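S.K.: Residue numbers (UniProt numbering): 1 to 308. Please see the structure below; I have some questions.
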Amino acid sequence: MTARSLPVPDGLDGMRLDQAVSRLFGLSRTAAATLVEAGDALVDGIPRPKSDKVSAGAWLEVTLPPPVTAPTLVATPVHGMKIVYSDDDIVVVDKPVGVAAHPSPGWSGPTVIGGLAAMGQNVATSGAAERQGVVHRLDVGTTGLMAVAKSEMAYSALKRAFKEREVDKRYHAIVQGHLDPLRGTIDAPIDRHPTADYRFAVMSDGKPSITHYDTLEAFRSASLIDVKLETGRTHQIRVHFSAMRHPCVGDVTYGADPTLAARLGLHRQWLHARELAFLHPRTQDEVRFVSDYPEDLGHALDLLRDAS
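This is the structure in structure tokens:
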């Protein structure tokens, strides 16, 4: 445990105590709130509720937990993960549900990087040790195509291509209700949710986030849509369509109807990374990959079609 004490800076005047602790010490909102509730954050020598507002100049004394050790990569076979394409520079996988892109604190389940290691696939050494070769990610509950760099040249080229929005990322999603208009663009900034650390939300001071969509098929209670991401924020599709009051079917974290999810046999959001295209970092020829729907999403789609 480490004790730290300092005055509240002017820029945090009027901020909630848990949020101030989070900002000052680089903790997640959940970790900061837990610390405050345990009495490990004193304001002018007195414990305060996490929702109390702090004043500039007040003396803040915090007892910090020991630092979290970096997660380690373990080569572990991943059931259902398929290699769609592989050469000396890149490997493209079809990721099943329940698999994270790479190891991270708090996640003990399977990962794409661990699965590739178990398959004997070497990846680029660029990036943090636990996520070497990773140039983009998919949520644990989202299936579909994910590219990983195997050479250092490919890592640099693909990181730049994703940053410059030169990669064509297309997703298929089933959202509740019918979108109006049927085709359009959602341009709304995204940041962490102000009270729920594990969620994101449309926030006026968030990062620019742009989603293009087109309705492919309409059912009685939902719509199958094609989604093209211009930016790649965490949970972007889920957040944007939830904000439009059309959450992804099955996505109860972002407000989906649990009754509809149960009727369709869904235990996660109906969201699939359907298509991925980019210029091959070595040949500069376009490579394009398409992924079929996994069994649970295909079954839910069939039920919606049968009911319409």
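Beta carbons are placed, not taken as given, at the ideal position from N, Cα and C, and that holds for glycine. Here the structure is a predicted model, which is why all the values come from computation and not from measurement.
1) Using the three-state DSSP reduction, which class does residue 224 fall into: helix, strand or coil?
2) Report buried or exposed for residue 205, applying the criterion of at least 16 other Cβ atoms within 10 angstroms of its Cβ.
3) In terms of DSSP beta bridges, what is residue 272 paired with?
4) Tell me, to the nearest whole angstrom, how far the beta carbon of residue 58 is from that of residue 7; I am working on the premise that it is less than 8 Å.
5) Quick one: any contact between the region 109-127 and the region 144-159, if contact means 3 or more CB pairs under 8 Å?
6) Rounded to the nearest angstrom, what separates residue 12 and residue 56 at their Cα positions?
7) Report yes if the CB atom of residue 112 is closer than 8 Å to the CB atom of residue 97, and no otherwise.
8) Quick one: which unbroken alpha helix (DSSP H) runs of 4-plus residues sit fully inside the UniProt domain "Pseudouridine synthase RsuA/RluA-like" (89-243)? Chain order, please.
9) For residue 31 and residue 54, which I take to be in contact (beta-carbon distance under 8 Å), what is that distance rounded to the nearest angstrom?
10) Give the straight-line distance between the Cα atoms of residue 286 and residue 150, rounded to the nearest whole angstrom.
11) Report the residue from 88, 249, 267 and 79 whose alpha carbon sits nearest the alpha carbon of residue 175.
12) Return yes when the Cβ of residue 225 is within less than 8 Å of the Cβ of residue 215, no when it is not.
13) Do you know offhand how far residue 202's Cα is from residue 137's?
14) So if DSSP puts residue 60 in a beta bridge, which residue, or which two residues, is it bridged to?
15) Where do the ends of the beta strand (DSSP E) carrying residue 51 lie?
16) For residue 90 and residue 288, what's the separation of their Cα atoms in angstroms?
17) What is the DSSP secondary structure of residue 84, counted as helix, strand or coil?
18) Taking C-beta to C-beta, are residue 82 and residue 170 nearer than 8 Å?
19) What would DSSP say about residue 74, mapped onto helix, strand or coil?
20) What are the boundary residues of the alpha helix (DSSP H) that includes residue 29?
21) Around the Cβ of residue 198, are there at least 16 other Cβ atoms within 10 angstroms (buried) or fewer (exposed)?
22) Name the DSSP beta bridge partners of residue 16, please?
23) The alpha helix (DSSP H) with residue 263 in it runs from where to where?
24) Assuming residue 129 and residue 75 are in contact, meaning their beta carbons sit under 8 Å apart, how far apart are those beta carbons, in whole angstroms?
25) Am I right that residue 44 and residue 17 are in contact with their C-beta atoms under 8 Å? What's the rounded C-beta distance?
26) Grab the span of the alpha helix (DSSP H) containing residue 305 for me, first residue to last.
27) Taking DSSP's pairing of strands, which residues face residue 287 in a bridge?
M.R.: Reading it off the structure:
1) If you number the sequence shown from 1, residue 224 lands on position 224. Strand, per DSSP.
2) Numbered from 1 along the sequence shown, position 205 holds the residue referred to as residue 205. Classification for residue 205: exposed.
3) As a working note, residue 272 is residue 272 in the sequence shown. Note: residue 272 sits in a beta bridge opposite 143 and 172.
4) By 1-based counting over the sequence shown, the position of residue 58 is 58. By 1-based counting over the sequence shown, the position of residue 7 is 7. With 8 Å as the limit, residue 58 and residue 7 qualify as a contact, their Cβ atoms being about 7 Å apart.
5) yes
6) Walking along the sequence shown from the start, residue 12 turns up at place 12. Walking along the sequence shown from the start, residue 56 turns up at place 56. Whole-angstrom Cα-Cα distance: 7 Å.
7) Working through the sequence shown from its first residue, we reach residue 112 at position 112. Working through the sequence shown from its first residue, we reach residue 97 at position 97. Cβ distance not < 8 Å, so residue 112 and residue 97 don't count as in contact.
8) Restricted to the UniProt domain "Pseudouridine synthase RsuA/RluA-like" (89-243), the alpha helix (DSSP H) segments that are unbroken, complete and at least 4 residues in length are 112-118, 152-163 and 236-243, listed in chain order.
9) Here residue 31 refers to the residue found at position 31 when the sequence shown is read from its first residue. Here residue 54 refers to the residue found at position 54 when the sequence shown is read from its first residue. Between residue 54 and residue 31 the Cβ distance is about 17 Å, and since that is not below 8 Å, they are no contact.
10) Within the sequence shown, the letter at position 286 stands for residue 286. Within the sequence shown, the letter at position 150 stands for residue 150. Spanning the two alpha carbons is a distance of roughly 18 Å.
11) Residue numbering aside, residue 175 sits at position 175 when the sequence shown is read from its first letter. Residue 175 has its Cα closest to that of 249, out of 88, 249, 267 and 79.
12) For the purposes of this step, residue 215 is taken as the residue at position 215 of the sequence shown. For the purposes of this step, residue 225 is taken as the residue at position 225 of the sequence shown. Result yes, Cβ atoms of residue 215 and residue 225 sit closer than 8 Å.
13) As a first step, residue 202 is located in the sequence shown; it is residue number 202 there, counting from the start. As a first step, residue 137 is located in the sequence shown; it is residue number 137 there, counting from the start. One C-alpha to the other measures close to 20 Å.
14) For this step, residue 60 is matched to residue 60 along the sequence shown. Beta-bridge partners of residue 60 (DSSP): 6 and 43.
15) As a first step, residue 51 is located in the sequence shown; it is residue number 51 there, counting from the start. Unbroken run through residue 51: none, as it is neither H nor E.
16) Locating residue 90 in the sequence shown gives position 90, counting from the first residue. Locating residue 288 in the sequence shown gives position 288, counting from the first residue. Looking at the two C-alpha atoms, the distance is approximately 13 Å.
17) Numbered from its first residue, the sequence shown carries residue 84 at position 84. Correct three-state label for residue 84: strand.
18) For the purposes of this step, residue 82 is taken as the residue at position 82 of the sequence shown. For the purposes of this step, residue 170 is taken as the residue at position 170 of the sequence shown. Not a contact, by the Cβ cut-off of 8 Å.
19) The residue labelled residue 74 in the question sits at position 74 within the sequence shown. Here residue 74 sits in coil by DSSP.
20) Numbered from its first residue, the sequence shown carries residue 29 at position 29. Taken as a continuous stretch (DSSP letters only), the alpha helix (DSSP H) holding residue 29 covers 29-37.
21) In the sequence shown, counting from the first residue as 1, residue 198 sits at position 198. In summary, residue 198 is exposed, with fewer than 16 beta-carbon neighbours lying within 10 Å of its beta-carbon over all protein chains present.
22) In the sequence shown, the residue the question calls residue 16 occupies position 16. Beta bridge pairing from DSSP links residue 16 with 53.
23) Your numbering for residue 263 matches position 263 in the sequence shown. First-last of the alpha helix (DSSP H) with residue 263: 258-263.
24) Numbered from its first residue, the sequence shown carries residue 129 at position 129. Numbered from its first residue, the sequence shown carries residue 75 at position 75. Residue 129 to residue 75, Cβ: 14 Å. No contact.
25) The sequence position of residue 44 within the sequence shown is 44, counting from 1. The sequence position of residue 17 within the sequence shown is 17, counting from 1. Not really, about 12 Å apart at Cβ, beyond 8 Å.
26) In the sequence shown, counting from the first residue as 1, residue 305 sits at position 305. Segment 295-307, the alpha helix (DSSP H) holding residue 305.
27) The sequence position of residue 287 within the sequence shown is 287, counting from 1. Beta-bridge pairing links residue 287 to 278.
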